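Below is one structure, written out as structure tokens; the observations come after it.
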Amino acid sequence: MSSPAALFSFLLLFLSAHVMVSEGESGTWKLLLRNAGVSAMHMQLLSNDKVIMFDRQDFGQSKIILPTSQCDPATVPSTTDCSAHAVEYTIINNTVRPLMIKTDVWCSAGTVNPSGVLNQIGGNGAGTRVVRTLQPCEGGCDWAENNNALLVGRWYASVQKLPSGEGIIVGGRGQFNFEFYPKATFPNLYSLPFLSQTNDKGSENNLYPYTILNTDGNLFIFANNRAILLNYKTNTVVKTYPAIPGGEPRSYPSTGSAVLLPLRNLEANTVTAEVLVCGGAPNGSYAQSLRGTFVTALDTCARITITDPNPTWVVEKMPMPRCMGDMVLLPHGDVLIINGAGRGTAGWEQADTPVKNPVVYKPDDAIGSRFESQNPATIARMYHSTAILLRDGRVLVGGSNPHEHYNFTNVQFPTEVSLDTFLPSYLNTSKTNLRPTIDVPVSNAQVGYAQQLVVRFWTRAAADLTKVKVTVVEPSFATHSFSMNQRLLVLTTGTFKVVGTNRYEVSVTTPKSAVLAPPGYYLIFVVHQGVPSVGNFLKIQ
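Per this note's numbering, residue 64 is the first one in the sequence shown, and the count goes up by one each step.
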């Protein structure tokens, strides 16, 4: 039997040979599956190179049926049709396997613990205090459910993995507090008045707050139009940021998106951290959408250096308005903004005008020239759509269900159970010779903090070593336009060596602490002239 390392090596070569696409200056699209079984409201890539996707457990009959051995409606409240509402997607053979969920995961949160296990947190109804776990195994693993694992119900909450490996769970509907999972260090429930202060007279623009671990170890929390920096160990607000210019709400249900921009100069005493918040819906949009009036979405991004002593927001104009978009960090450091609507807000039947053109944001370019529109999708991805980065540099795109149940006919935007991929322009065939292939480290190698790691790679044509960098990206849990735990670090490199024909070696320094890179699985990429290799999983611990 082949070893796991050999299988990953085969997969790497397979992916490297099959994802380059035809010529073009902007990215292209490829349909993967017309029927992935469920509408991907939530999505997470695991270290076995499989993607877990799930929706609402009581949506009605999905497009994939559970095995006969699991079809026992008596054990699954609200389910009488024996259909699955979670699947495991295997990238290498483009297939899905049904998974069994007993309690409702609607509008839940998630994180992957340092061992690579997916912790899925909260949900609705009987699932609101449940933590479900899923191992990244090669066999027939399924969900294990831990009832009453949370102190209060978590519906529309966010979670951020901490340097300890624990997750801090922030907010949720009616919850102006936070707690941790697991509870070895912090066993209690902790009040967070900031969440009630941003509740905006009951409009709940504080749901799914943007939670990002800052490079000083504190937690950046953005809700509605404001942000704080929280010392979660002492439950002390150590910094209050200025309100976002214009004062428009950016978090659910106005539903913009946010991302931590790439971290660089990792050996500095203070590592600069910048947050980008894009899109959303203006004040009053949710109330108007309930009356059938869809207000044009916001067309701005706001960027802030959260490590500055006196930070200010810088506002930039996007090529088009967008709410309910997803933001994905690409391996070379650009940000992809994808999916969403041009009018309306999050909610059932509360938006229209799908935004099919993704936009690439180039954070290192001059302000005013950072946005680049891409080729349009053919599928409208509206409410409950998702997007995540894959190892081969593609972006997996799924979901979209703006209806209270599955609805495939006689509606403007049918429920989508399809999967497709967006292939950024770095996968164009004109760049094939630029694309590196990593030999070392092999996938699932392990490394500590502040260590030297040898990276060996090759290219089809001679490489320009002045234009090579090495990045690591933490796969994120994507739902409701926010990818939890998403971060990219540009590693410090030593001197590049030529070790053969078009073969090279460089020593990189791993992140100096778990504050910069919380423990767990990352994807390591070699990027040559803006073209990334296939990523290998790297466990940092």
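No residue lacks a Cβ here, since even glycine has one placed at the ideal position from N, Cα and C.
Source: prediction; values computed, not measured.
Of the residues the options, the one placed nearest residue i, counting alpha carbons only
i      : options                        : result
TRP411 : GLY461, TYR349, GLY396         : TYR349
SER314 : TYR295, PHE243, ASN269, LEU339 : ASN269
VAL378 : CYS364, ASP371, PRO372         : CYS364
GLY237 : THR248, ASN262, ILE128, SER227 : ASN262
GLN133 : MET116, GLY203, VAL193         : GLY203
TYR512 : GLN604, MET445, LEU329         : GLN604
ASP12  : TYR469, CYS386, THR370, ASN281 : This structure gives no information on residue 12, because the portion of the chain shown stretches from 64 to 604.
GLN351 : TYR304, ARG195, GLY407, VAL300 : GLY407
ILE369 : GLU330, THR335, CYS386         : THR335
PRO305 : TRP376, LYS264, LEU339         : TRP376
ASP397 : GLY185, LEU551, SER221         : LEU551
PHE249 : PRO256, LEU255, PHE241         : PHE241
GLU267 : GLY280, GLY309, THR318         : THR318
PRO504 : LYS530, ASP427, THR555, GLY598 : GLY598
HIS148 : ASN187, GLY100, VAL553         : GLY100
ASN328 : TRP92, GLY583, THR555, VAL594  : THR555
ASN157 : LEU482, PHE559, LYS575         : LEU482
TYR152 : VAL391, VAL480, MET383         : VAL480
PHE520 : GLY342, PRO465, THR564         : THR564
MET106 : PHE545, GLU568, ASN294         : PHE545
ASN294 : GLY309, ILE275, PRO308         : ILE275
THR278 : PHE600, ALA429, LEU579         : LEU579
Assigned exposure category for residue i - 16 Cβ within 10 Å defines buried
i      : result
ARG97  : exposed
GLU311 : buried
PRO581 : buried
SER85  : In this prediction, SER85 has a pLDDT of 38, which is less than 50 and means its spatial position is unreliable; what the coordinates show is noted afterwards. With fewer than 16 Cβ atoms within 10 Å of its Cβ, SER85 is classed as exposed.
GLU201 : exposed
HIS591 : buried
ILE14  : Outside the shown range of the chain (64 to 604) lies residue 14, about which nothing can therefore be said.
VAL460 : buried
ILE155 : exposed
PHE357 : buried
ASP455 : buried
PRO487 : buried
HIS81  : Unreliable placement is indicated for HIS81, whose pLDDT of 45 sits below 50; the coordinate value is still reported in the next sentence. The residue is exposed, with fewer than 16 neighbouring Cβ atoms inside 10 Å.
THR299 : exposed
Alpha helix (DSSP H) segment containing residue i, residue limits
i      : result
TYR349 : 348 to 353
PRO256 : 256 to 260
Limits of the unbroken beta strand (DSSP E) element including residue i
i      : result
GLN120 : Here GLN120 belongs to no beta strand (DSSP E), and DSSP marks it neither H nor E.
LEU329 : Careful: LEU329 lies outside any beta strand (DSSP E) and carries neither H nor E.
TRP92  : 91 to 96
TRP521 : 515 to 521
MET106 : 105 to 108
ALA404 : 404 to 407
MET381 : It is not in any beta strand (DSSP E) - MET381 carries neither H nor E in the DSSP assignment.
GLN223 : 221 to 224
LEU399 : 398 to 401
SER576 : Element bounds for SER576: n/a, residue is neither H nor E.
PHE600 : 599 to 603
CYS204 : Counting along the chain, CYS204 falls outside any beta strand (DSSP E), and DSSP gives it neither H nor E.
PHE285 : 282 to 286
PHE434 : 434 to 436
THR299 : 299 to 303
LYS560 : 560 to 563
PHE485 : 482 to 486
VAL422 : 422 to 424
GLY173 : 172 to 175
TYR273 : 273 to 276
THR23  : The first residue shown for the chain is 64 and the last is 604, placing residue 23 beyond what the model contains.
Residues sharing a beta bridge with residue i, DSSP
i      : result
ILE154 : BP columns for ILE154 are empty, so no partner.
HIS591 : VAL531, VAL594
SER320 : CYS341
PHE545 : THR542
LEU452 : VAL458
GLU242 : ILE232
PHE417 : Note that residue 417 is Pro in the sequence shown, not Phe. Bridge partners of PRO417: ALA404.
TYR149 : Note that residue 149 is Ala in the sequence shown here, rather than Tyr. For ALA149, which the question treats as bridged, DSSP gives the partners PHE117, LEU162.
MET390 : ILE400
ILE307 : Partner(s): none; ILE307 has no beta bridge.
LEU292 : PHE283, LYS302
- Touching or not, the region 474 to 481 and the region 528 to 544, by the rule of three or more beta carbon pairs under 8 Å? no
- Message: Three or more C-beta pairs under 8 Å: does that hold for the region 434 to 447 against the region 392 to 405?
- Response: Enough Cβ pairs lie closer than 8 Å, so yes.
- Message: I'd like to know if the region 165 to 176 and the region 100 to 119 are in contact, where contact means that at least 3 CB-CB pairs between them fall below 8 Å.
- Response: yes
- Query: Would you call the region 281 to 296 and the region 223 to 236 in contact, with 3 or more CB pairs under 8 Å?
  - Reply: yes
- Query: With contact counted as at least three CB pairs below 8 Å, one residue from each stretch, are the region 444 to 457 and the region 386 to 399 in contact?
  - Reply: yes
- Give a yes or no on contact between the region 183 to 191 and the region 213 to 230, applying the rule of three or more CB pairs nearer than 8 Å. yes
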